[in-house]
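Quick note on my numbering: the sequence shown kicks off at 1 and runs consecutively. Positions of the beta carbon are idealized from the N, C-alpha and C atoms, including for glycine. Bear in mind the structure is a predicted one, so any value in this text is a computation, not a measurement. Quick notes on the structure that follows.
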Amino acid sequence: MRKCITYLLLFVVSMMGSKVMAQVEFGMSADLQSRYVWRGQALGGNAPCFQPAANIGWNGLALELWGSFSLNSTEYQELDWTLSYTMLDDMIRVQVTDYALPNYTSGHRYFDYRQNTTSHVLEAGLLFNVPKTNLSASIFTNFYGADAQTEAGDLVYSTYAELGYEWNCEKIATDFNFALGCALNGNDGYSFYGNDGFDVVNISVMATRTLNLTSTLSLPVYAQVVANPTANKMFLVCGTHIDF
């Protein structure tokens with residue numbers, strides 16, 4: 001009898017494990033961009049960059065590893081991970097991101113997370129998709145690491161908020177993404193986004209279209225115009241995205 005119960009428990013556990021594994025989602029992707037612009041800031045130098053990503057998700061919980069690597073210099077590298085949870089039919093997502101800029105020199109310590117010496121920035125984010133619309137809103141705050149600091153050495157807790165809108169133009173088979181991003185705090189001299197108090201740092205429009213190269217092969221390409229009124233800068237970024 002004891003053996004029967006043991007075998008039954010093993011069978012139930014194995015079935016539960018199979019069900020969980022069936023719900024696990026894996027994904028990989030890669031972008032090739034003319035340059036790397038993030039929230040109105042030019043990162044990665046003045047060169048094209050390669051941006052691979054890998055993610056695993058289960059029941060709304062996801063872990064993503066994302067990188068950006070300049071094609072002309074080892075000084076401009078980025079390797080981030082994001083842990084997120086999506087709920088209420090994809091309406092709300094909460095996440096924590098670890099931003100890191102490894103330079104791969106002998107003196108760099110990637111796993112140094114001490115507040116006074118780390119090169120990592122930890123950020124908490126909340127993203128909200130407005131039901132029955134193409135509108136979205138998000139807010140992100142740095143809460144640990146190499147954030148901007150005040151003259152007293154305290155973290156600024158730099159915060160960025162963004163409004164987004166998606167629109168599909170069927171007539172020209174193109175998807176458009178509009179974004180308006182603002183830095184909410186920090187002052188000139190100790191700000192994370194180059195802002196002085198509340199400033200608009202990102203106004204962008206991205207157009208994405210899928211090119212059908214053959215009957216079985218297609219390639220999504222995009223172009224993005226980014227303006228940063230605070231920095232008095234404007235960028236044009238072109239690239240392609242591939243999912244595996």
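A straight-line Cα-Cα distance of about 19 Å links Met28 and Asp98. Bounds of the beta strand (DSSP E) holding Met87 are 77-87. Below 8 Å, enough C-beta pairs join the region 140-155 and the region 119-128 to call them touching: three or more.
Judged by DSSP in its simplified three-state form, Lys132 adopts coil rather than helix or strand. In the structure shown, the three-state DSSP call for Glu170 is helix.
Assigned with DSSP and collapsed to three states, Gln41 falls in strand. Taking C-beta atoms as the reference points, Asp147 and Tyr157 count as a pair closer than 9 Å.
The bridge partners DSSP lists for Asp243 are Ser29. Taking 9 Å as the cut-off, the Cβ atoms of Pro220 and Thr210 count as close. Between the region 103-119 and the region 54-72 there are fewer than three C-beta pairs closer than 8 Å, too few to call the two in contact. The C-beta of His108 has fewer than 16 other C-beta atoms within 10 Å across all chains shown, which makes the residue exposed. Less than 9 Å divides the Cβ of Ser204 from the Cβ of Asn177. Gln23 sits in a helix when the DSSP states are folded into three classes. Contact between Gly45 and Tyr76 holds: their C-beta atoms lie close to 4 Å from each other, under 8 Å. In the DSSP annotation of this structure, the continuous segment of the beta strand (DSSP E) that includes Val226 starts and ends at 218-228.
Distance between Asp243 and Ala30, taken at the CA atoms: about 7 Å. For Val94, the enclosing beta strand (DSSP E) stretches over residues 92-99.
Straight-line spacing of the CA atoms in Gly164 and Leu135 works out to 6 Å. The alpha carbon of Met91 has as its nearest neighbour, out of Val130, Arg35, Phe111, the alpha carbon of Val130. Straight-line measurement puts the Cα of Val37 at about 11 Å from the Cα of Asn228.
Across the set Gln33, Gln41, Leu32, the C-alpha of Gln41 shows the shortest separation from the C-alpha of Gly181. If you ignore the 5 residues before and after Leu101, its C-beta comes within less than 7 Å of the C-beta of Gln77, Glu78, Ser119, all in its own chain and listed in chain order.
Rounded to the nearest angstrom, the gap between the Cα atoms of Val94 and Ala62 is 11 Å.
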